[in-house]
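Below: one structure, written as structure tokens.
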Amino acid sequence: MKKVLFVGEHPRSGTGNGNMLAAILTALDTKRYQFACFIIHDVDPLPIVFNPIPFTMIQAATPADYWGSQKLVNLAERLDFDILCMVGLDIWRYRDIWDRIVQLRNTRKFKWIWLFPYDLNQVRLDWIKWMNDLDAPCAYSHYGKEVLKDHVPKIEYFRPPLFNAELFRPFSEKERQAARKEVFPNIRDKQIIGFVGRNQVRKSPERLIKAFLLAKKVNPNILLYLHTDMQDIFNLTQVAKDFGAVTGDMVTKQQGIKYSTEQMVKIYNAMDVYVNCSMQEGLSWTVIEAMVCGRPIVVSATTGHFELATGIGEMVNCKDLSFLSTVTEGGGSQIDAYACRPSDIASAILEVISDPKKQEVMAQKSLGKAKDWLSGVSDINDLFDREVREARVISLPSKLNKVLFAQFSSAGDVLMTTQCFKGIRERHKDMPLVYMTRSIYQDIVEGNPYIDEIIDWNDATLRKYKVVYNPHGEKILRGRFNNGNVPLYQMYPYFCKVDADEMFIQERKPSFINTEDDYDEDERFKIDYNEWPKEYIVVHTTGGSVAHRTYKHMDTVISLLGMPTVQLGGPLDMACLEATIDLRGKLSFRESAWVMKNAKAAIVVDSFLSHLAGCVGTPAVITYGPAPARVVGPRSNGSRIINLEPNHLDVCPTVGACYGEESCKSPCINTINPYKIRDAVLNLIGDKNA
């Protein structure tokens, strides 16, 4: 008999993940598999005092570690089992002990299986790495498998069973009316729009409330039922009030009460339309439950919903950019997500609720689709049997016989990578060199003599080349380079193991600058060549971190210098009202290089332009904010560089460089005296008054 250690939420918790584990345990063949559960989240003990769970449960939480990471490692070190199976947990959940679990799997020879959601709109390389460490990575949506199949050769689609599936069914009309009277005793003749789910950002309950109130202006005979905790991530009671809801517009579940499956079946059947317009879904159990109860559904057109609702329900496109919290290899982060507009949700609700015939057709389609879906659920025993009995052979596609240099961002870093190209080409003489970066940075390497091809950034591409250089993604980004004394520009050739060449950017004269009388009137802006100063100083105000690297006294510096100035930078950089010519957002990177090259000197904030000045050999005064010059300063190509840093001891609560990790009401960069900058510039250009 094989032994299985499951890791998941408590099977009596009533959560989607807890119910999933409960359903899988029910389906497990206990004649062939003996199991125990490492349980996250505790439950109220009273309901199970005289209804005990007939298997061993190990509580994950300790006072210092809610998720039980170290306890899980201790179990894996001491307990003999054949399969470690994670159920319903995000792939990043145990990233803090990941490498140790991999080591234990390799030495103790158990199989590591993970049933996980994948509901992102993009592919994350750190998550891909984790998935490829598993013996059986299983996404529990068709969407997840399709997105990952080119990156995770062993990926499977595991369709989990529905907990208590036999209890979900559509009621007859008579039963429905009885359920409505029981569930909503004080509501007469209202059409009920229902939602069941967590009060969390991903589910967008606040958008549903707004959408409902918009729809109610058109159809006053509707009511919103929210089966959620009103006080959680959002204070939905206050949200509804602020949106204009009045007494009688909404009904909510009893707060703090756990509902049985039988009660939920009545609630679903009492609804006229079920709505779940979340930003993204790994599976969406409540949609399946509503469908198997024969309810029309209105859902967001996203991730896990495509599999369930395409051609069945009313699907609402996600058009608004939003953000969701997630966990990456480097810790917590925010990722792009897309949300439905309340007006679109309202239109979809009205489309369904106003047409009884449409509701009837949608209800039949929902039920039919749900039955088909449930008839095709995966068998956990088959998955386990294959993993413990067979060694699967995975054929990998052949890789391109080219060298790929990958650099996701930013402009300054892309420029630094040009030091590496000569050495890489000499090492791989017979292989083309392909450069991959985001389209906004590609102009920096256009015209580079060592580059054969430039392509758009795509995470999947990293796996398709025989040779890949990705020093930023593999080393620099993951490390703590800011704590050292090695300049960032030196790290790129170091990690590529090549001798550093000079940085290179192909300078390109802007089209509006020429010596002809009939000058080219560029559509972006028009400057007569005769207006272009023969000698000028480049000025620049704003770095990548606007909050920490915006120098607000540049106009004072310009007035103190009394020389022609040309402002470079992005379109949203703080403007210099005293600048002679303003070229913010009007030049390409290579055009900026020409302007910088021909300048007498430059005054720039720590940014791409500071590295550009060093690259093209323009004397420069560089102002720094929360990062030290010893690390982020530029490499000089024969020109003088004067680095001006704040006195962190005097002006910073951290008494040192914070690298932009601290919020700051008075950014330290603005403590640099304009007179000091003026004197430094005059020193650079050899003014006798310096």
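All residue numbers for the sequence shown refer to the numbering used here, where the first residue is 223 and numbers rise by one. All residues carry an ideal CB built from backbone N, CA and C; glycine is no exception. Every value quoted in this text rests on a predicted model; they were computed, and no experiment measured them.
Residue i burial status per 10 Å Cβ neighbour count (16 or more: buried)
| i | result |
| --- | --- |
| D577 | exposed |
| Y714 | buried |
| A849 | buried |
| S597 | exposed |
| S832 | buried |
| P868 | buried |
| Y758 | buried |
| N692 | buried |
| V440 | exposed |
| V468 | exposed |
| A286 | exposed |
| T329 | exposed |
| T532 | exposed |
| I864 | buried |
| G908 | exposed |
| R300 | exposed |
Cut-off 6 Å between Cβ atoms - residues of its own chain near residue i, not counting five sequence neighbours on either side
| i | result |
| --- | --- |
| G240 | E231, H232 and P233 |
| G416 | Y447, M493 and Y496 |
| H449 | V418 and K475 |
| G236 | K480 |
| V295 | I319 and R322 |
| I262 | E231 and A282 |
| N603 | D251 |
| V873 | C890 and T893 |
| A244 | P233 and F385 |
| V324 | D355 |
Residue i to residue j span [Cα, whole Å]
| i | j | result |
| --- | --- | --- |
| N892 | K774 | 6 Å |
| N443 | N408 | 14 Å |
| W352 | I313 | 7 Å |
| Y255 | S291 | 25 Å |
| D464 | R424 | 21 Å |
| N680 | K621 | 16 Å |
| V226 | V610 | 11 Å |
| A249 | V487 | 22 Å |
| A298 | N623 | 41 Å |
| V817 | V903 | 18 Å |
| N491 | K403 | 12 Å |
| V521 | F528 | 9 Å |
| I825 | P671 | 30 Å |
| M279 | W289 | 14 Å |
| L389 | T483 | 7 Å |
| K686 | D372 | 10 Å |
| L866 | I780 | 17 Å |
| T683 | F545 | 25 Å |
Reduced DSSP category for residue i - H, G, I as helix; E, B as strand; rest coil
| i | result |
| --- | --- |
| L906 | helix |
| E378 | strand |
| W289 | coil |
| M223 | coil |
| A361 | strand |
| I759 | strand |
| L809 | coil |
| C307 | strand |
| Y255 | strand |
| Y340 | coil |
| F434 | helix |
| I479 | coil |
| M486 | helix |
| W314 | coil |
| Q399 | helix |
| F627 | strand |
| D665 | helix |
| N457 | strand |
| I673 | coil |
| W679 | coil |
| Y773 | coil |
| W334 | strand |
| Q502 | coil |
8 Å CB neighbourhood of residue i in its chain, flanking five on each side removed
| i | result |
| --- | --- |
| G792 | T764, R806 and G807 |
Beta-carbon proximity list for residue i, same chain, < 7 Å, skipping 5 on both sides
| i | result |
| --- | --- |
| D674 | P654, L655 and V656 |
| F380 | L337, C360, Y362, S600 and L605 |
| N895 | none |
| L783 | I759, R900 and V903 |
> Whole alpha helix (DSSP H) runs in the segment 519-607 with 4 or more residues, listed along the chain?
Replying inline: As far as the segment 519-607 is concerned, its whole alpha helix (DSSP H) runs of at least 4 residues are 525-531, 564-575 and 578-597.
> In the segment 827-879, which residue ranges form an unbroken beta strand (DSSP E) of at least 3 residues, counting only runs that do not cross its ends?
Replying inline: Runs of the beta strand (DSSP E) inside the segment 827-879: 842-845 and 863-866.
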